[in-house]
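Residues in the sequence shown are numbered from 3 upward in steps of one, following my numbering.
The beta-carbon is built from N, C-alpha and C at its ideal position, and this holds for glycine as well.
Just so you know, these numbers come straight off a predicted model, no measurement behind them.
The structure appears right after this line, and notes come after that.
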Amino acid sequence: MQITVYPSVASGVVTAPPSKSVAHRLLLGAALALGESTIEHVSYSEDICATLDCIEALGATVQRQADRVTIRGTDLQATQDPLELDCRQCGSTLRFLIPICLLLDKPVRIHGSTALLQRPLSVYEEICYRQGHRFELYDTRIDLQGRLHPGLYEIPGDISSQFVTGLLYALPLLPQSSEVRILPPVESRAYIDLTLSALRDYGIRIISIGQDRYHIPGCQKYRPHRSVVEGDWSNAAFLEALNLFGGRVQVRGLRDISKQGDKVYREAFAQISKGKANLDLTNCPDLGPILFAMAACHRGGFFAGTKRLKLKESDRCTAMAQELSKFGAELLVEDEHVWIDHVLLHAPDQPLDAHNDHRIAMALTILLTQYGGVLNGAEAVEKSFPDFFQVLRALGIRWENTTPALPAAEELEDGMDH
3 MQITVYPSVA
13 SGVVTAPPSK
23 SVAHRLLLGA
33 ALALGESTIE
43 HVSYSEDICA
53 TLDCIEALGA
63 TVQRQADRVT
73 IRGTDLQATQ
83 DPLELDCRQC
93 GSTLRFLIPI
103 CLLLDKPVRI
113 HGSTALLQRP
123 LSVYEEICYR
133 QGHRFELYDT
143 RIDLQGRLHP
153 GLYEIPGDIS
163 SQFVTGLLYA
173 LPLLPQSSEV
183 RILPPVESRA
193 YIDLTLSALR
203 DYGIRIISIG
213 QDRYHIPGCQ
223 KYRPHRSVVE
233 GDWSNAAFLE
243 ALNLFGGRVQ
253 VRGLRDISKQ
263 GDKVYREAFA
273 QISKGKANLD
283 LTNCPDLGPI
293 LFAMAACHRG
303 GFFAGTKRLK
313 LKESDRCTAM
323 AQELSKFGAE
333 LLVEDEHVWI
343 DHVLLHAPDQ
353 PLDAHNDHRI
363 AMALTILLTQ
373 YGGVLNGAEA
383 VEKSFPDFFQ
393 VLRALGIRWE
403 NTTPALPAAE
413 ELEDGMDH
């Protein structure tokens with residue numbers, strides 16, 4: 003989808019969308035709990051739908067009603083063959099479910115987009131290799147078979163906390179205890195805290211036995227739970243960024259005591275508004291695109307801890323450097339750092355590209371509210387914030403869908419005749 007955004011100033015009160023990170027964890031807990039659980043304030047983004055489809059494939063019963071999901075959990079050992087899961091483009095769904103599938107000791111085929119399966123999976127590959135399990139990776143699928151062993155798991159802390167989360171969900175269901183050690187440097191610790199909180203809600207005990215070390219008793223059972231998904235600080239950042247352009251946007255529904263790491267965006271915006279910000283993205287990599295965009299038009303900045311931005315839906319540092327250059331911005335992208343020079347921006351001299359990345363699509367859209375311009379690939383927002391553009395319109399942002407019409411069937415046939 004192509005959209006054209008016109009310079010406009012936002013004003014109004016909006017409720018933060020539900021946290022995708024929290025919802026994934028609550029839905030998975032409900033799927034593993036024998037009995038009925040209810041999760042309220044759910045948004046059916048593409049990623050959340052991927053998780054719901056997968057837990058249904060595992061045998062859970064899912065009822066979707068408006069923003070409420072009722073789930074009757076599954077007995078994993080009763081899953082039927084052949085078992086196939088489709089993770090679409092969602093890294094959380096994929097990495098959370100691989101260890102669950104390794105509880106079954108039966109053939110499992112997991113489907114996903116080519117881009118998804120190019121993201122790092124080495125942690126699970128190595129576990130399967132050491133334990134003698136099948137792990138065959140293809141362009142758009144993974145074939146698994148094996149039963150996860152209880153024991154010691156040492157996980158690199160600088161790839162993705164999603165590997166830790168996947169193991170913390172699966173290991174309590176093994177017959178003996180296990181231990182997870184996260185090797186330094188540990189990044190995105192806030193996401194691990196979200197996992198531990200969700201597991202407690204479903205009756206699972208994880209015992210901290212030192213810095214980044216966790217003892218997981220075996221033979222545990224998930225208990226049904228009634229939950230409400232809290233507001234999403236990650237996506238709220240895009241809405242409050244409008245205030246850096248003179249907007250008057252108030253976002254409600256955010257918990258100040260939330261464990262979400264991206265709640266630091268308000269402090270980051272305060273630095274950016276002063277100019278030449280100096281920020282570390284180690285524990286909030288998802289804020290990278292919007293912070294880069296805001297710094298580019300507020301006298302530049304320096305960003306550390308950017309290595310993992312390469313491993314997201316796109317190489318976010320390179321993609322943002324490419325797109326911001328269309329506004330006249332100058333970015334220097336290094337392995338661990340991004341430098342943004344202080345230069346005057348202008349309306350983009352060519353259409354922007356979302357790089358099939360929801361956070362890049364949203365960040366560029368916010369920047370276009372200041373300068374105006376065209377964005378291709380705007381449908382990428384469906385991954386996490388399906389009503390993003392409708393919310394912007396309600397806040398007074400002017401945009402229109404300018405996707406070129408497809409040729410009529412007769413025209414296509416005439417063209418083929420020639």
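On the criterion of 16 or more Cβ atoms from any shown chain inside 10 Å, does asparagine 280 qualify as buried, or is it exposed? exposed
Looking at the structure shown, is histidine 357 part of a helix, part of a strand, or coil, going by DSSP? coil
Can you look up glutamate 402 in the DSSP assignment and give me helix, strand or coil? strand
For the segment 256-269 against the segment 224-231, do three or more pairs of beta-carbon atoms, one drawn from each stretch, fall closer than 8 Å, so that the two count as touching? no
Just reading off the alpha helix (DSSP H) that phenylalanine 247 is part of, what are its end residues? Note, phenylalanine 247: premise wrong, no alpha helix (DSSP H); not H, not E.
Within 10 Å of its beta-carbon, does leucine 311 have 16 or more other beta-carbons around it, so buried, or fewer, so exposed? buried
In three-state DSSP terms, what is proline 20? strand
Spatial neighbours of alanine 59 in its chain, beta-carbon cut-off 6 Å, leaving aside the 5 residues before and after: Leu87
Specify, as a first and last residue, the run of the alpha helix (DSSP H) that alanine 396 falls within. 390-396
Checking 8 Å against the spacing of the C-beta atoms, do leucine 139 and lysine 108 come in under that value? no
Simplified DSSP assignment, three categories, for glycine 114: coil
According to DSSP, residues forming a beta bridge with alanine 279: Gly303
Leucine 106 versus alanine 35: straight-line alpha-carbon distance, rounded: 16 Å
Have a look at the DSSP bridge pairing and note the partners of glutamine 147. Arg136
Where glutamine 68 falls: helix, strand or coil (DSSP): For the record, residue 68 in the displayed sequence is alanine; it is not glutamine. Correct three-state label for alanine 68: coil.
With which residues is valine 335 paired in a DSSP beta bridge? Val340
Kindly indicate which three-state DSSP category valine 7 falls into: helix, strand or coil? strand
For the candidate residues Gln67, Leu104, Ser47, Leu78, whose alpha-carbon lies nearest to that of glutamine 91? Ser47
At the level of alpha carbons, what is the spacing between arginine 395 and alanine 321? 26 Å
With DSSP collapsed to three states, give me the class of isoleucine 161. coil
How many angstroms separate the CA atom of cysteine 286 from the CA atom of proline 409? 43 Å
According to DSSP, simplified to helix, strand and coil, what is threonine 371? helix
Counting only the same chain and skipping the five closest in sequence on each side, list residues whose C-beta sits under 7 Å from that of alanine 407. none
What does DSSP give as the partner residues of tyrosine 155 in its beta bridges? Val182
Please return the same chain residues whose Cβ sits closer than 7 Å to the Cβ of glycine 255, not counting the five positions on each side in sequence. Thr17, Ala18, Gly233
Does lysine 223 pass the burial test, meaning 16 or more other C-beta atoms within 10 Å, or should it be called exposed? exposed
Under a three-way DSSP split, which group does glycine 212 fall into? strand
Taking Cβ positions, are isoleucine 194 and valine 166 nearer each other than 8 Å? yes
Express the C-alpha separation of methionine 296 and glutamine 273 in angstroms, rounding to a whole number. 11 Å
Consult DSSP for glycine 290 and reduce its assignment to one of helix, strand or coil. helix
Quick one: Cα of isoleucine 342 to Cα of leucine 169, how far? 38 Å
Measuring alpha carbon to alpha carbon, tell me which of Ser94, Gln372, Ala356 ends up nearest valine 383. Ala356
Mapping DSSP to helix, strand and coil, what is arginine 318? helix
Residue environment, aspartate 419, which counts as buried when at least 16 other CB atoms sit within 10 Å: With a pLDDT of 48 at aspartate 419, under the threshold of 50, the modelled position of that residue is not reliable, and the figure given next carries that caveat. So aspartate 419 ends up on the exposed side.
Going by the CB atoms, is the gap between glycine 93 and arginine 121 shorter than 8 Å? yes
Comparing C-alpha positions only, which one of Lys314, Glu325, His339 sits nearest to serine 162? Lys314
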